[in-house]
Ligand code: HEC
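Residue numbers (the numbering used here): -4 to 132.
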């Protein structure tokens, strides 16, 4: 076989390989991370790092570490009023996300717990369901 003929086959095979790998690896992203990107990152920004004085960070955030049982309610109902995160004051309303299922909320909460500096204990579906029953509205 001539080298040009081999190349003729090789190029499309490599291209298809790249596309397949991309789809595969995107799918492989954990659901919590994908849900965060779709529902939260528009405000909390990429990787949850917040937006200056307006939006608090959720990455390496003392609030997340100290209030794991409140996260599910905040995600479902939003939150408003003054809040202090890592010593900085914020006071902008966060919108509710009533469309998220309990399983989706569980995965988002665990994504939040995962992006803290110190390893945090995960929350399971039963704990999240209990958290949601105790929301103060
Ligand atoms: C419309 C913009 C917006 C969206 C969308 C949003 N948030 Fe928020 N979030 C805020 C604001 C603003 C605050 C601070 C609220 C306050 O001042 O009382 C906040 C506060 C928080 C807090 C508590 C403070 C902290 O930084 O630890 C958590 C946790 C949180 N958001 C998680 C999420 C998650 C998870 C999602 C996606 C399901 C989400 N937010 C979607 C704007 C938003």
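Here a beta-carbon is modelled for each residue, glycine too, at the ideal position from N, C-alpha and C. A quick note: this is a predicted structure, and the numbers were derived from the prediction, not measured.
heavy atom of the ligand HEC below 7 Å from residue i C-beta
i, result
"residue 101", "no"
"residue 51", "yes"
"residue 68", "no"
"residue 39", "yes"
"residue 74", "yes"
"residue 16", "no"
"residue 96", "no"
"residue 56", "yes"
"residue 11", "no"
"residue 92", "yes"
"residue 35", "yes"
"residue 87", "yes"
"residue 80", "yes"
"residue 6", "no"
Buried/exposed call for residue i, threshold 16 Cβ in 10 Å
i, result
"residue 35", "buried"
"residue 16", "exposed"
"residue 6", "exposed"
"residue 59", "buried"
"residue 8", "exposed"
"residue 118", "buried"
"residue 11", "exposed"
Residues that residue i bridges to, as DSSP identifies them
i, result
"residue 80", "83"
"residue 50", "46"
"residue 110", "None; residue 110 has no bridge partner."
"residue 89", "74"
Beta carbon proximity, residue i to chain C, threshold 8 Å
i, result
"residue 75", "Absent here is chain C; the protein component of the structure consists of one chain."
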